[in-house]
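Down below is the structure, laid out as structure tokens.
Number of protein chains: 2
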Amino acid sequence: MGDRGGSNSGEALLFLTDEHLRRAIEAMFFAYRGFTADPDRILEEYGYGRAHHRALHFIDRTPGTTVNNLLSILGVTKQSLNRVLRTLIENGLVESRVGRKDRRERHLYLTDTGKALERELSDAQRARMRSAFRQAGPEAVAGFRTVLEAMMDPNMQRHFNNNTQTEER
Amino acid sequence: MGDRGGSNSGEALLFLTDEHLRRAIEAMFFAYRGFTADPDRILEEYGYGRAHHRALHFIDRTPGTTVNNLLSILGVTKQSLNRVLRTLIENGLVESRVGRKDRRERHLYLTDTGKALERELSDAQRARMRSAFRQAGPEAVAGFRTVLEAMMDPNMQRHFNNNTQTEER
DNA sequence: ATTTTATGTCAGTCTTGTTGACTTTCCAAG
DNA sequence: CTTGGAAAGTCAACAAGACTGACATAAAAT
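These protein sequence lines are chains A and B, in that order. Going letter by letter, the first sequence gives residues 1 to 169 in full-length UniProt numbering. Going letter by letter, the second sequence gives residues 1 to 169 in full-length UniProt numbering.
The following block contains the structure:
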């Protein structure tokens, strides 16, 4: 019982008491709140919500992505996504183009207005992330990413590492 | 641009390109989904939601906590919390006791049934956390926690480090 | 005695998720 | 060529969980 978690390097065993894990769970909860706080404030000004932010983010990340692809990334129903997408299209933030190869598909792009809002949102989020990373230092950042990736569902890891360019411009 | 952020802990400089930060933002998004996936499944069986989980968690963490304290931790309105709390009390998972010193206050405790569900939920969440921690290794875990804490709002850091026992048993 | 605090409740709104049913388009296999 | 089924959109209805605002009650504080 009076054992130690060994040295920091190598494969030293981990003493993960329930209390350690509970603290980590709470840290995750509180940190996520911080993570979304800044974008939430901006979104409110425009009358949008987090769902809109997510759509903007992933369309920006992969221009020309299809609705179906977006669905599998976001993990919501098409009806739910469609409502958000319709608003964004109506308001001129997102453009939906019929696919050339498969004309059932709609390929999604951000307009200049859409890009501007996405920028504003991600600038705020990046600023907080950058500040946290600077405070924590490079080693901590590496560890942070490693743990986050290990926490994802395998399916989401796939999306995370998938840099497919669905170009159809 | 070629600057160094070397005032940290005497470590290598951080190259935080927008692309790095974007990846980190996505990792946070996907990881949080994994983080909540298991409890969500369990909650669904019982007809509860995340809001109930949060209440159970923090009442379990700080038995005898008051409604007001819970409100400031969870950051929701009292109407919203009250609905959740009422359900949990009606279903016999939470007990609400009038304060002895200040009889306006209600002190909240988990019943045995409440403790059982809290256990089931946090066991699932801890299992995933433990697995991720084991995969990532001790160094990564330390970094993970450091970054999360730096990402919180100062107000939430306060709650995170506050181990006040509101004992009124 | 009055004010403030802690809590609870009622009513109504909003966002974002859900299911189910139906239509249109259109690729591809029979 | 016909038909089956996939991709996408639409409509309707609904629920959880957040919100605001108004009001009630009890008790502590002034």
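Ideal Cβ positions, reconstructed from N, Cα and C, are used throughout, including at glycine. This structure is a prediction, so every number in the text was calculated from the model and none was measured.
Next item on the list: Find the nearest neighbour of Tyr-46 (chain B) within the set B:Thr-113, B:Ala-142, B:Phe-144 and B:His-20, judged by alpha-carbon distance.
Entry: In the second sequence, residue 46 (chain B) corresponds to position 46, counting from 1. Closest by alpha carbon: B:Thr-113.
Next item on the list: State the DSSP-derived secondary structure class of Glu-95 (chain A), mapped to helix, strand or coil.
Entry: Position 95 of the first sequence, counting from 1, holds the residue named residue 95 (chain A). Glu-95 (chain A) falls in the strand class under three-state DSSP.
Check: Along chain A, in chain order, which residues have C-beta atoms closer than 7 Å to that of Leu-21 (chain B)?
Finding: Against the second sequence, residue 21 (chain B) aligns to sequence position 21. Ordered by position in chain A, the residues that pass the 7 Å Cβ test against Leu-21 (chain B) are Arg-126, Met-129 and Arg-130.
Next item on the list: Since I believe Leu-110 (chain B) is in contact with Asp-60 (chain B) (beta carbons under 8 Å), could you give me their beta-carbon distance rounded to a whole number of angstroms?
Entry: Working through the second sequence from its first residue, we reach residue 60 (chain B) at position 60. Working through the second sequence from its first residue, we reach residue 110 (chain B) at position 110. Indeed, because the Cβ distance is near 6 Å, the residues count as touching under 8 Å.
Notebook entry, point to check: Going along chain A in order, which residues have a C-beta closer than 7 Å to the C-beta of Leu-16 (chain B)?
Noted result: Within the second sequence, the letter at position 16 stands for residue 16 (chain B). Correct list: Arg-130 and Phe-133.
Check: What are the uninterrupted segments assigned as alpha helix (DSSP H) that are 4 or more residues long and contained completely in the stretch 27 to 87 of chain B, given in chain order?
Finding: Fully enclosed alpha helix (DSSP H) runs of 4 or longer: 50 to 61 and 67 to 74.
Margin query: Applying the 10 Å Cβ sphere with the 16-neighbour rule, what's the burial state of Val-98 (chain B)?
Written below: In the second sequence, counting from the first residue as 1, residue 98 (chain B) sits at position 98. So Val-98 (chain B) counts as exposed.
Checklist line | Thr-77 (chain A) at chain B interface by Cβ criterion, 8 Å | finding: Residue numbering aside, residue 77 (chain A) sits at position 77 when the first sequence is read from its first letter. Chain B, which has no Cβ nearer than 8 Å to the Cβ of Thr-77 (chain A), makes this no.
Item checked: Separation of Ile-89 (chain B) from Thr-65 (chain B), as counted between CA atoms -> Position 65 of the second sequence, counted from the first residue, corresponds to residue 65 (chain B). Position 89 of the second sequence, counted from the first residue, corresponds to residue 89 (chain B). Their Cα atoms are separated by approximately 15 Å.
Next item on the list: Could you have a look at Leu-16 (chain A) and say whether DSSP puts it in helix, strand or coil?
Entry: One-based indexing of the first sequence puts residue 16 (chain A) at position 16. If DSSP states are grouped into helix, strand and coil, Leu-16 (chain A) belongs with coil.
Margin query: Check whether chain A comes within 8 Å of residue 208 (chain B), counting only Cβ atoms and requiring the distance to be less than that.
Written below: Outside the shown range of chain B, which is 1 to 169, sits residue 208 (chain B), and nothing can be said about it.
Margin query: According to DSSP, His-107 (chain A) sits in a beta bridge with which residue or residues?
Written below: Indexing the first sequence from 1 puts residue 107 (chain A) at position 107. DSSP, once it has assigned bridges, lists A:Thr-66 and A:Arg-97 as partnering His-107 (chain A).
Notebook entry, point to check: Which residues mark the beginning and the end of the alpha helix (DSSP H) in which Met-151 (chain B) is found?
Noted result: Taking the first residue of the second sequence as 1, we reach residue 151 (chain B) at position 151. 138 to 151 is the span of the alpha helix (DSSP H), which, as asked, contains Met-151 (chain B).
Margin query: Give me the subset of the stretch 67 to 96 of chain B whose CB atoms are less than 8 Å from a CB atom of chain A, sorted by chain position.
Written below: Gly-75
Next item on the list: To the nearest angstrom, report how far apart Glu-26 (chain B) and Arg-134 (chain A) are at their CA atoms.
Entry: In the second sequence, counting from the first residue as 1, residue 26 (chain B) sits at position 26. In the first sequence, counting from the first residue as 1, residue 134 (chain A) sits at position 134. Their Cα atoms are separated by approximately 19 Å.
Margin query: Cβ closer than 9 Å: which chain A residues qualify as neighbours of Ile-25 (chain B)?
Written below: In the second sequence, residue 25 (chain B) corresponds to position 25, counting from 1. In chain order: Phe-35, His-57, Ser-122, Gln-125, Arg-126 and Met-129.
Margin query: What residue range does the alpha helix (DSSP H) around Asn-162 (chain A) cover?
Written below: In the first sequence, the residue the question calls residue 162 (chain A) occupies position 162. Counting along the chain, Asn-162 (chain A) falls outside any alpha helix (DSSP H), and DSSP gives it neither H nor E.
Next item on the list: Could you round the C-beta distance between Phe-58 (chain A) and Leu-43 (chain A) to whole angstroms and report it? I think they count as a contact, below 8 Å.
Entry: Within the first sequence, numbered from 1, the residue matching residue 58 (chain A) stands at position 58. Within the first sequence, numbered from 1, the residue matching residue 43 (chain A) stands at position 43. Between Leu-43 (chain A) and Phe-58 (chain A) the Cβ distance is about 16 Å, and since that is not below 8 Å, they are no contact.
Notebook entry, point to check: If you measure from the beta carbon of Gly-114 (chain B) to each beta carbon in chain A, is any gap under 8 Å?
Noted result: As a first step, residue 114 (chain B) must be located in the second sequence, where it is residue number 114. Chain A, which has no Cβ nearer than 8 Å to the Cβ of Gly-114 (chain B), makes this no.
Item checked: Three-state class that DSSP yields for Gly-6 (chain B) in the structure shown -> What you label residue 6 (chain B) is simply residue 6 of the second sequence in a count that begins at 1. The predicted position of Gly-6 (chain B) is uncertain, since its pLDDT is 38 and thus under 50; no value can be drawn from it.
Check: Closest Cβ-Cβ distance between Gly-49 (chain A) and chain B: below 8 Å?
Finding: Taking the first residue of the first sequence as 1, we reach residue 49 (chain A) at position 49. No, because no Cβ of chain B sits closer than 8 Å to the Cβ of Gly-49 (chain A).
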